[in-house]
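Data block below; observations after.
Residue numbers (the numbering used here): 1469 to 1638.
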(Lines of atoms letter the chains of each structure in order from A and count residues from 1; the text may use other names and numbers.)
(Lines give C-alpha, C1' and ligand atoms only; values in the text may rest on other atoms or scores of the structure.)
Protein backbone atom coordinates (compact mmCIF):
# COMPACT_ATOMS: atom_id res chain seq x y z
CA UNK A 1 0.00 0.00 0.00
CA UNK A 2 1.60 3.30 -0.96
CA UNK A 3 1.39 5.58 2.06
CA UNK A 4 2.55 8.83 0.50
CA UNK A 5 5.62 9.05 2.69
CA UNK A 6 6.83 8.33 6.19
CA UNK A 7 4.61 11.04 7.67
CA UNK A 8 1.57 8.88 6.86
CA UNK A 9 3.08 5.51 7.74
CA UNK A 10 2.03 5.40 11.41
CA UNK A 11 -1.60 5.89 10.42
CA UNK A 12 -1.47 3.07 7.86
CA UNK A 13 0.34 0.74 10.27
CA UNK A 14 -2.27 1.40 12.95
CA UNK A 15 -5.18 0.85 10.56
CA UNK A 16 -3.76 -2.30 9.02
CA UNK A 17 -2.66 -3.77 12.36
CA UNK A 18 -6.21 -3.26 13.63
CA UNK A 19 -7.35 -5.53 10.80
CA UNK A 20 -5.01 -8.28 11.97
CA UNK A 21 -2.82 -8.14 8.88
CA UNK A 22 0.85 -9.08 8.90
CA UNK A 23 2.82 -6.02 7.83
CA UNK A 24 6.14 -5.42 6.16
CA UNK A 25 7.38 -1.98 5.18
CA UNK A 26 9.63 -1.13 2.24
CA UNK A 27 10.85 2.45 2.35
CA UNK A 28 13.29 4.83 0.73
CA UNK A 29 16.65 5.10 2.49
CA UNK A 30 18.48 8.36 3.13
CA UNK A 31 21.61 6.72 4.52
CA UNK A 32 20.62 6.38 8.17
CA UNK A 33 17.68 4.95 10.15
CA UNK A 34 14.51 7.05 10.06
CA UNK A 35 13.33 8.11 13.51
CA UNK A 36 9.68 7.59 12.57
CA UNK A 37 10.39 3.97 11.67
CA UNK A 38 12.48 3.23 14.74
CA UNK A 39 9.65 4.73 16.80
CA UNK A 40 7.13 2.30 15.29
CA UNK A 41 9.43 -0.60 16.17
CA UNK A 42 10.07 0.75 19.68
CA UNK A 43 6.31 1.14 20.22
CA UNK A 44 5.84 -2.47 18.98
CA UNK A 45 3.57 -1.39 16.14
CA UNK A 46 5.94 -2.94 13.62
CA UNK A 47 8.51 -5.70 13.84
CA UNK A 48 12.08 -4.62 13.09
CA UNK A 49 12.40 -7.85 11.05
CA UNK A 50 9.60 -6.62 8.78
CA UNK A 51 11.26 -3.29 8.04
CA UNK A 52 13.11 -3.11 4.71
CA UNK A 53 14.71 -0.27 2.80
CA UNK A 54 15.37 0.06 -0.92
CA UNK A 55 19.15 0.01 -0.51
CA UNK A 56 18.98 -3.57 0.81
CA UNK A 57 17.90 -4.78 -2.63
CA UNK A 58 19.70 -2.37 -4.94
CA UNK A 59 23.20 -3.87 -4.97
CA UNK A 60 23.00 -7.53 -5.96
CA UNK A 61 26.43 -8.18 -4.41
CA UNK A 62 25.19 -6.97 -1.01
CA UNK A 63 21.57 -8.13 -0.83
CA UNK A 64 20.06 -7.60 2.60
CA UNK A 65 22.65 -5.04 3.72
CA UNK A 66 21.81 -1.36 3.92
CA UNK A 67 23.99 0.60 1.54
CA UNK A 68 23.89 3.83 -0.40
CA UNK A 69 20.91 6.15 -0.15
CA UNK A 70 18.23 4.71 -2.43
CA UNK A 71 14.64 5.19 -3.40
CA UNK A 72 12.29 2.39 -4.36
CA UNK A 73 12.47 3.73 -7.92
CA UNK A 74 16.19 2.87 -7.94
CA UNK A 75 15.31 -0.83 -8.02
CA UNK A 76 14.29 -0.34 -11.67
CA UNK A 77 16.62 0.43 -14.58
CA UNK A 78 16.94 4.19 -15.04
CA UNK A 79 15.63 4.03 -18.62
CA UNK A 80 12.54 2.09 -17.55
CA UNK A 81 11.71 4.57 -14.82
CA UNK A 82 12.27 7.55 -17.11
CA UNK A 83 9.88 6.03 -19.63
CA UNK A 84 7.13 5.90 -17.02
CA UNK A 85 8.04 9.39 -15.79
CA UNK A 86 7.78 10.81 -19.32
CA UNK A 87 4.45 9.10 -19.90
CA UNK A 88 3.05 10.40 -16.60
CA UNK A 89 4.11 13.98 -17.31
CA UNK A 90 3.87 14.09 -21.12
CA UNK A 91 1.49 17.05 -21.13
CA UNK A 92 3.58 19.13 -18.72
CA UNK A 93 6.82 18.29 -20.54
CA UNK A 94 5.27 19.57 -23.78
CA UNK A 95 7.16 17.33 -26.17
CA UNK A 96 10.50 17.69 -24.36
CA UNK A 97 10.81 14.37 -22.50
CA UNK A 98 13.55 13.76 -19.96
CA UNK A 99 16.33 11.71 -21.53
CA UNK A 100 18.68 9.50 -19.53
CA UNK A 101 21.70 10.95 -21.33
CA UNK A 102 20.69 14.45 -20.17
CA UNK A 103 20.52 13.57 -16.47
CA UNK A 104 23.28 14.85 -14.21
CA UNK A 105 25.51 12.23 -12.61
CA UNK A 106 24.33 10.65 -9.36
CA UNK A 107 22.99 7.50 -7.79
CA UNK A 108 19.32 8.26 -7.21
CA UNK A 109 17.09 8.59 -10.27
CA UNK A 110 14.53 10.77 -8.47
CA UNK A 111 17.18 13.29 -7.44
CA UNK A 112 18.74 13.27 -10.91
CA UNK A 113 15.37 13.93 -12.58
CA UNK A 114 14.57 16.73 -10.12
CA UNK A 115 17.96 18.35 -10.81
CA UNK A 116 17.39 18.07 -14.55
CA UNK A 117 13.94 19.65 -14.30
CA UNK A 118 15.31 22.51 -12.21
CA UNK A 119 18.18 23.12 -14.64
CA UNK A 120 15.69 23.30 -17.53
CA UNK A 121 13.37 25.60 -15.58
CA UNK A 122 10.53 23.06 -15.65
CA UNK A 123 8.14 23.20 -12.69
CA UNK A 124 5.80 20.23 -12.26
CA UNK A 125 4.51 21.32 -8.86
CA UNK A 126 4.80 24.58 -6.94
CA UNK A 127 6.96 23.09 -4.17
CA UNK A 128 9.46 21.74 -6.72
CA UNK A 129 10.17 18.16 -7.70
CA UNK A 130 7.30 16.04 -8.93
CA UNK A 131 4.54 13.77 -7.71
CA UNK A 132 6.22 10.36 -7.39
CA UNK A 133 2.86 8.58 -7.34
CA UNK A 134 2.07 9.40 -10.97
CA UNK A 135 4.91 7.38 -12.59
CA UNK A 136 4.33 4.49 -10.18
CA UNK A 137 0.64 4.53 -11.02
CA UNK A 138 1.54 4.30 -14.72
CA UNK A 139 3.90 1.42 -13.91
CA UNK A 140 1.25 -0.51 -11.99
CA UNK A 141 -1.43 0.00 -14.64
CA UNK A 142 0.88 -0.92 -17.55
CA UNK A 143 3.88 -2.89 -16.27
CA UNK A 144 6.68 -3.74 -18.68
CA UNK A 145 6.38 -7.00 -20.60
CA UNK A 146 9.66 -8.17 -19.10
CA UNK A 147 12.45 -7.03 -16.81
CA UNK A 148 16.18 -7.47 -17.16
CA UNK A 149 17.81 -10.24 -15.10
CA UNK A 150 19.24 -7.87 -12.46
CA UNK A 151 15.91 -6.18 -11.82
CA UNK A 152 14.14 -9.52 -11.59
CA UNK A 153 16.81 -10.72 -9.13
CA UNK A 154 16.29 -7.62 -6.97
CA UNK A 155 12.56 -8.22 -6.72
CA UNK A 156 12.96 -11.96 -6.14
CA UNK A 157 15.28 -11.14 -3.22
CA UNK A 158 12.83 -8.56 -1.88
CA UNK A 159 9.86 -10.93 -1.94
CA UNK A 160 11.94 -13.77 -0.50
CA UNK A 161 12.97 -11.51 2.41
CA UNK A 162 9.36 -10.49 3.10
CA UNK A 163 8.15 -14.09 2.86
CA UNK A 164 10.91 -15.24 5.23
CA UNK A 165 9.66 -12.84 7.91
CA UNK A 166 6.25 -14.44 7.85
CA UNK A 167 7.37 -18.04 7.29
CA UNK A 168 5.78 -18.22 3.84
CA UNK A 169 6.96 -20.80 1.34
CA UNK A 170 9.65 -19.45 -0.92
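Virtual Cβ for every residue (Gly too), placed ideally from N, Cα, C.
Keep in mind that this is a model prediction, so the values were computed, not measured.
So, for residue i: in the same chain, excluding its five sequence neighbours on each side, which residues have a beta-carbon less than 7 Å away from its beta-carbon?
i	result
residue 1618	1528
residue 1492	1518, 1520, 1630, 1633
residue 1545	1616, 1619
Looking only at its chain, what residues have a beta carbon closer than 8 Å to the beta carbon of residue i, apart from the 5 residues adjacent to it on each side?
i	result
residue 1570	1584
residue 1554	1561, 1565, 1566
residue 1582	1596, 1597, 1598
residue 1534	1497, 1521, 1523, 1524
Would residue i pass as a contact of residue j if the rule is Cβ separation under 8 Å?
i	j	result
residue 1509	residue 1516	yes
residue 1612	residue 1548	yes
residue 1640	residue 1576	The shown model of the chain, from 1469 to 1638, leaves out residue 1640, and the question about it has no answer.
residue 1622	residue 1480	no
residue 1603	residue 1556	yes
residue 1599	residue 1606	no
residue 1505	residue 1474	yes
residue 1513	residue 1485	yes
Sort out for me which residues DSSP pairs residue i with in a bridge.
i	result
residue 1497	1538
Within the same chain, show all residues whose beta-carbon is closer than 6 Å to that of residue i, passing over the 5 residues directly before and after it, in chain order.
i	result
residue 1568	1546, 1547, 1550
>> What ranges does the beta strand (DSSP E) occupy inside the stretch 1503-1547, keeping only unbroken runs of at least 3 residues that lie completely in it?
In response: 1519-1521
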